[in-house]
Structure formats: C-alpha cells, structure tokens
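Here the sequence shown is numbered in the working numbering, starting from 14 and rising by one per residue. Every residue gets a Cβ at the ideal spot worked out from N, C-alpha and C, and that includes glycine. This one's a predicted model, so the numbers in the text were calculated from it and none came from an experiment. Report on one structure; see the data block that follows.
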Amino acid sequence: MAFSALRPISMPGILLLGHLSAGVTGAAEPSQSTEAPVVGPLLALLPMGPKINVQMVFDIPCVWSYFTYARLQRALARFRASGGQAELTFRPYQLVPDATIEGRLKVDVLRHAFGDDAEHSIARIAALASDEGLTFHPERAVHSNTFQAHRLIAVASAQGCGEDMTERLFRAHHTDQLNLADLDTLKTLAAEIGVGWSDEGIARTREELALTQRLGVHGIPILQFEGQPALTGTPSEDSLLTALRSAVGRR
14 MAFSALRPIS
24 MPGILLLGHL
34 SAGVTGAAEP
44 SQSTEAPVVG
54 PLLALLPMGP
64 KINVQMVFDI
74 PCVWSYFTYA
84 RLQRALARFR
94 ASGGQAELTF
104 RPYQLVPDAT
114 IEGRLKVDVL
124 RHAFGDDAEH
134 SIARIAALAS
144 DEGLTFHPER
154 AVHSNTFQAH
164 RLIAVASAQG
174 CGEDMTERLF
184 RAHHTDQLNL
194 ADLDTLKTLA
204 AEIGVGWSDE
214 GIARTREELA
224 LTQRLGVHGI
234 PILQFEGQPA
244 LTGTPSEDSL
254 LTALRSAVGR
264 R
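Structure (structure tokens):
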C-alpha cells in the first residue's frame, strides 16, 4: 500500500492548508508510507468490540484531513456493503489552537505567511479538491478556532451521528465558508444532521487535545486501524479498503 509521507510542521500558514508547501505534490502522487508508532497508545484506550475501530486524528481546516476523510468514507461504504462492520473514533487536533473565535479570511493569513506563493498554492488545492469530487473555496474560508467544532463531533458521536456531523463540518468550512467557532452556526449544522445540541463535552475535548500533545502528534491526518501501525498522509481509497480488510484478518 502506498501512502503519502507526512512531515512534522509548525508554520501556521502551512498548517492552515495542511502542508501547503510539502503536501501538495504528495496528495497527487502518494509516496511510501510513513508509520507513526508514537500514536499507538491511542488504540489501547479502546476495547475491542464487534466492529473494526478506526481512529482518526484530524482538524477541520486541514485539506488533507478532508481528502483522507472523503476517501475513508468511500472505502467504508464498500467495506460495509460487503458485510464488514466498522466504526470511527474521532481524535481532535488543533492546527492553530490560539486562533480566534471571530475568525479572519484564511487567504489573508496565507498571504501574510507566503506572499505571492499563497495564490498559486490555493489554486492547486482547489484543483486537487475537484479531482476528489469536492468543492473548495479556500480563498474565502474562515480561519477560526475549531475547539467547539471538535466538541460538537464528540456530542454527535455519542448520538450515533459522528460521521455525518464530521462530513458536514468539513463541507461547512471548505465549501460554505462558515465560521466554525460561531455557536449559532454550529447549532444550525447540528440540526441539519439531526444532532441534539448539548453544552457537554468541554472537559473531555480538552483531555483529548492534551492527549494528542502528550503523544507527540505534530502532523495530521493520522489513521489507525486496530492491530496495525498508524498511517499518516492521504492514503488512496483502495489502500484504506485494504487496511480495513487487513484489520479483520488480524483478529
């Protein structure tokens, strides 16, 4: 299986587009896989049940997280159609934890960080998204704090709607240019999916974010299929389906 390499990153501009400088080519031309055993303990927190558990460490503004999630959803649909059972556990990660609630246009942040190169990279991201069947408007996306969005995913997951809620939040950010730190916006999105709004989960979300920091997570997305090393980067749909089937075989 081929997976694109993921490099540790720290510059806010790179993080905002999910490896703006290092990941664009990798998404189109996956290279050799990079294992991330440092996140192995995440799986140990989960008891083995009747369904294959897939854990995903991600953030909503990361384009590579969205690409990977879209591919994973297609792989899961094929896996489930053949009788497989799987469930996703979402692990929050904040690319820019000190981002404001009010937000600002992502393009302004990128221009400040990269100057003229930002425009070219934004265009490439939009083109890659189109190849994935996704509609991106990165030039109008709102860069804001994602803590409440991750908390909503936890609430939705407890109600059996985590996958649908996560997809809607990805689309809300990358396509609809909504501010995911705005509580009224999040309440509207939750209602669309049929998720009952709750103010619970603040402490739990903080604990989850602290956990990823303690485990040394520096780049996303990360996927872990039970019994297998963690995978980083943007695996292909077929590779993800193979990983699901391999997880079954390891039981």
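For ARG264, there is no enclosing beta strand (DSSP E), as DSSP marks it with neither H nor E.
Between THR159 and GLN107, the C-beta gap is smaller than 8 Å, which places the two residues in contact. Three or more Cβ pairs closer than 8 Å define a contact, and the region 90 to 105 meets that threshold against the region 175 to 182.
In the structure shown, LEU228 falls within a coil segment according to DSSP collapsed to helix, strand and coil. For TYR79 and PHE183, the gap between their C-alpha atoms comes out near 6 Å. A straight-line Cα-Cα distance of about 11 Å links ASP189 and GLU152.
Taking 8 Å as the cut-off, the Cβ atoms of ALA88 and LEU253 count as close. In the pairwise beta carbon analysis, the region 121 to 130 is classified as not touching the region 234 to 246: fewer than three pairs are separated by under 8 Å.
In the DSSP assignment, GLN161 falls within the alpha helix (DSSP H) that extends over 160 to 171.
About 17 Å separates the beta carbons of ALA154 and HIS133, which is beyond the 8 Å limit, so they are not a contact pair. ILE114 carries a coil assignment under DSSP once its states are collapsed to helix, strand and coil.
Rounded to whole angstroms, VAL168 and GLY146 show a C-alpha spacing of 28 Å. Buried is the label assigned to LYS119, since at least 16 other Cβ atoms lie within 10 Å of its Cβ.
In summary, PRO63 is exposed, with fewer than 16 beta-carbon neighbours lying within 10 Å of its beta-carbon over all protein chains present. Between VAL261 and VAL70 a beta carbon distance of about 22 Å is seen, past the 8 Å cut, so the two are scored as non-contacting. Distance from LEU236 to VAL67 at the Cβ level is roughly 6 Å; contact confirmed, criterion being Cβ atoms closer than 8 Å. Secondary structure at ILE233: coil, using DSSP grouped into helix, strand and coil. Counting the other CB atoms within 10 Å of its CB gives GLN226 a total below 16, which places it among the exposed residues.
Excluding the 5 residues flanking it on each side, SER211 has same chain C-beta neighbours closer than 8 Å at VAL168, in chain order. Around CYS75, the same chain offers GLY31, LEU108, ILE233, PRO234 as residues with beta carbons nearer than 7 Å, after the five sequence neighbours per side are excluded.
Shown here, THR255 sits in a helix according to DSSP, grouped into three states.
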